[in-house]
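Line order of the protein sequences matches chains U and F. Residue numbers are given in numbering that gives the first Met the number 0: position 111 of the first sequence equals residue 110, and the series is strictly consecutive. Residue numbers are given in numbering that gives the first Met the number 0: position 10 of the second sequence equals residue 9, and the series is strictly consecutive. Data block below; observations after.
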Amino acid sequence: MPLISAVNLTCIREERLLFDELSLEIYPGDIIQIEGPNGSGKTSLLRILSGLSQPYDGHILYKNEKISSCREEFHQNLLYFGHLSGVKDEMTAEENLDFNLALHGNKNEESLTYLAKINLAGFEESLASHLSAGQHRRIALARLYHNNAPIWILDEPFTAIDKQGVSGLEQLFSAHAQRGGCVILTTHQDLISIKPEQVKKITLDYDYL
Amino acid sequence: MTLKAQSTQETENLTATIDNSMIGDTAQSSQQLSYRHAFMLVLKRDLTIAMRHKDDIINPLLFFVIVVTLFPLGIGPEAQTLSRIAPGIIWVAALLATLLSLDRLFKSDHLDGSLEQMLLSPHPIFILVLAKIFAHWLITGLPLILIAPLLAVLLHLNEQSYTALLLTLLLGTPVLSLLGAVGVALTVGIKKGGVLLSLLVLPLYIPVLIFATSAIDTAALGLPYSGQLAIIAALFFGSLTLAPFAVGAALKVSTN
Chain U
0 MPLISAVNLT
10 CIREERLLFD
20 ELSLEIYPGD
30 IIQIEGPNGS
40 GKTSLLRILS
50 GLSQPYDGHI
60 LYKNEKISSC
70 REEFHQNLLY
80 FGHLSGVKDE
90 MTAEENLDFN
100 LALHGNKNEE
110 SLTYLAKINL
120 AGFEESLASH
130 LSAGQHRRIA
140 LARLYHNNAP
150 IWILDEPFTA
160 IDKQGVSGLE
170 QLFSAHAQRG
180 GCVILTTHQD
190 LISIKPEQVK
200 KITLDYDYL
Chain F
0 MTLKAQSTQE
10 TENLTATIDN
20 SMIGDTAQSS
30 QQLSYRHAFM
40 LVLKRDLTIA
50 MRHKDDIINP
60 LLFFVIVVTL
70 FPLGIGPEAQ
80 TLSRIAPGII
90 WVAALLATLL
100 SLDRLFKSDH
110 LDGSLEQMLL
120 SPHPIFILVL
130 AKIFAHWLIT
140 GLPLILIAPL
150 LAVLLHLNEQ
160 SYTALLLTLL
170 LGTPVLSLLG
180 AVGVALTVGI
190 KKGGVLLSLL
200 VLPLYIPVLI
210 FATSAIDTAA
220 LGLPYSGQLA
230 IIAALFFGSL
240 TLAPFAVGAA
250 LKVSTN
């Protein structure tokens, strides 16, 4: 049974057709990389898959059930990481992570361990506004280490992350896929640590006409 | 060398995570999704942010005090005139001070992406929204109520009217926060939605203004004002039950 599937999606933005009758099925263990030039609708597709945006036509199914009819279950099993990290400047790294985990109904006894794993050890008590852009994103990404949501939808997760961090994240993705989760991500970089045969690619074309 | 050591440590950590967690046991490892828990979570967060970003508390309060204190300077210190217009001044100032603070309710959350995360939370949206509105009232409404009696003295408000003033503020300011939240939720996606927000929200505030000032005036004459209070209470309960759902729906549209 596919974890998440899209049926006949059509997306129109600013009177421009981004994609039409797009159907896809994502199974446990899949790593899907969505490629395409800027403005080709990668973010729109991810937002539609996560239920944040409504498609012009078509619908999204979670385990063969419409996501609007199983909102709570779908959201419990979904981890969405967007362009905006959702980290509050006024709170410390640890408070941010604790809140983000609790908001999604997770226990958060180990936030210090997660922060250490994402290389933020020693910054737990620092206000997010005092941290760099990369560290900011890392606070939000630390949630990935508390992985009980099988569906990961990640929009440009490597932005502002250093090389070492990127390879750490890539290993985390393949481990997640091996455990029966699925990862849907957009990135302009090639995934280095993940074997090419493990990654399925969706390429969105940009029609200049 | 150090680099290498770090990366091996990282891999070790990684294998550890893989060992002790398996996917699919969401029900077991996630907390019970209780309404109270979600409410307290968001309330605590918003109050923490407000305490570290004191502008949010001070700005509307300062605006309220400045507007009210300017009136005696402009109109003159005659006690009779001032006490006649005092209820109106205090309430109009409270209304504008709330309007000034509304923007912060969802704007910053929208800009840094935490609003998206809230919409994707398994908790029902209305409970999260209700917590945010309650936090907004604690930050802006409550300080206004606390300082209003002091300003009433400045305006020579009739002695019999103090209870009415406090009661109308206590029932009326939550209505301002609740109705205002609907307007903010509708305009949060617009870059410069300030003017539109005022146009949307101010007409909805007028019933509160009319009945509140009427209650205070009636109290000054020594007559019962329970009728006006009942209407404000009805507005309060009506908006308390309906506004969170409207806000939730509006936020979904705004972030679409």
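Glycine residues also receive a C-beta, built at the ideal position from the N, C-alpha and C atoms.
DSSP state of residue i, grouped into three classes?
| i | result |
| --- | --- |
| ASN118(U) | coil |
| ASN99(U) | helix |
| GLU34(U) | strand |
| ILE56(F) | helix |
| LEU222(F) | coil |
| LEU119(F) | coil |
| VAL182(U) | strand |
| PRO148(F) | helix |
| LEU137(F) | helix |
| PRO54(U) | coil |
| LEU44(U) | helix |
| PHE62(F) | helix |
| ASP161(U) | coil |
| GLU77(F) | coil |
| GLY192(F) | coil |
| LYS131(F) | helix |
| ILE17(F) | With a pLDDT of 38 at ILE17(F), under the threshold of 50, the modelled position of this residue cannot be trusted; read the value that follows with caution. Residue state, collapsed to three classes: helix. |
| VAL86(U) | coil |
Run through the DSSP bridge pairs and tell me what residue i is partnered with.
| i | result |
| --- | --- |
| PHE80(U) | LEU153(U) |
| SER4(U) | GLU24(U) and LEU60(U) |
| ARG136(U) | Paired residue(s): none; ARG136(U) is not in a bridge. |
| LEU94(F) | DSSP, once it has assigned bridges, lists no residue as partnering LEU94(F). |
| ARG15(U) | ARG12(U) |
| THR112(U) | Answer is none; THR112(U) lacks a bridge partner. |
| THR91(U) | LEU126(U) |
| LYS65(U) | LEU60(U) |
Would you give the residue range spanned by the beta strand (DSSP E) that residue i belongs to?
| i | result |
| --- | --- |
| THR240(F) | Careful: THR240(F) lies outside any beta strand (DSSP E), inside the alpha helix (DSSP H) at 225-253. |
| VAL41(F) | Counting along the chain, VAL41(F) falls outside any beta strand (DSSP E), though it belongs to the alpha helix (DSSP H) covering 34-51. |
| VAL198(U) | 198-202 |
Cα separation between residue i and residue j?
| i | j | result |
| --- | --- | --- |
| LEU177(F) | GLY167(U) | 45 Å |
| CYS69(U) | LEU60(F) | 43 Å |
| THR167(F) | THR9(U) | 51 Å |
| LEU100(U) | ILE126(F) | 17 Å |
| LEU17(U) | ILE11(U) | 6 Å |
| PHE244(F) | GLN197(U) | 43 Å |
| PRO156(U) | LEU150(F) | 53 Å |
| ASP54(F) | GLY57(U) | 45 Å |
| THR25(F) | LEU241(F) | Residue confidence for THR25(F) is low, a pLDDT of 43 falling below 50, so the modelled location carries little weight and cannot support an answer. |
| LEU69(F) | VAL128(F) | 35 Å |
| TYR79(U) | PRO149(U) | 11 Å |
| GLN170(U) | THR42(U) | 23 Å |
| LEU195(F) | LEU203(F) | 13 Å |
| ILE56(F) | GLU34(U) | 45 Å |
Taking the continuous alpha helix (DSSP H) assigned at residue i, which residues delimit it?
| i | result |
| --- | --- |
| ARG70(U) | 70-75 |
| HIS109(F) | 106-111 |
| TYR205(U) | Run containing TYR205(U): none; DSSP gives neither H nor E here. |
| SER176(F) | 161-186 |
Which chain C residues sit within Cβ distance under 9 Å of residue i?
| i | result |
| --- | --- |
| SER52(U) | You won't find chain C in this structure, because its protein chains are U and F. |
Inset, instruction - Below 8 Å between beta carbons is the criterion; list the residues of the segment 75-106 of chain U that meet it against any residue of chain F, in chain order. - result: GLN75, ASN76, LEU77, TYR79, GLY81, HIS82, LEU83, SER84, GLY85, VAL86, LYS87, ASP88, GLU89, MET90, GLU94, PHE98, ASN99, ALA101, LEU102, HIS103, GLY104, ASN105 and LYS106
Legend entry - Against chain F: residues of the segment 174-196 of chain U by CB proximity under 9 Å: ALA174, HIS175, GLN177, ARG178, GLY179 and GLY180
Legend entry - Chain-ordered residues of the segment 45-58 of chain F with a beta carbon less than 7 Å from chain U: THR47, ILE48, ARG51 and HIS52
Inset, instruction - Pull out every residue of the segment 114-125 of chain F whose Cβ sits closer than 9 Å to any Cβ of chain U, in chain order. - result: LEU114, GLU115, GLN116, MET117, LEU118, LEU119, SER120, PRO121, HIS122 and PRO123
Inset, instruction - Can you give me, in chain order, the residues of the segment 94-115 of chain F that have a beta carbon less than 7 Å from any beta carbon in chain U? - result: ASP111, GLY112, SER113 and GLU115
Legend entry - chain F contacts from the segment 37-50 of chain U (Cβ-Cβ distance under 8 Å): SER49 and GLY50
Legend entry - Members of the segment 147-159 of chain F that neighbour chain U once the beta carbon cut-off is set at 8 Å: none
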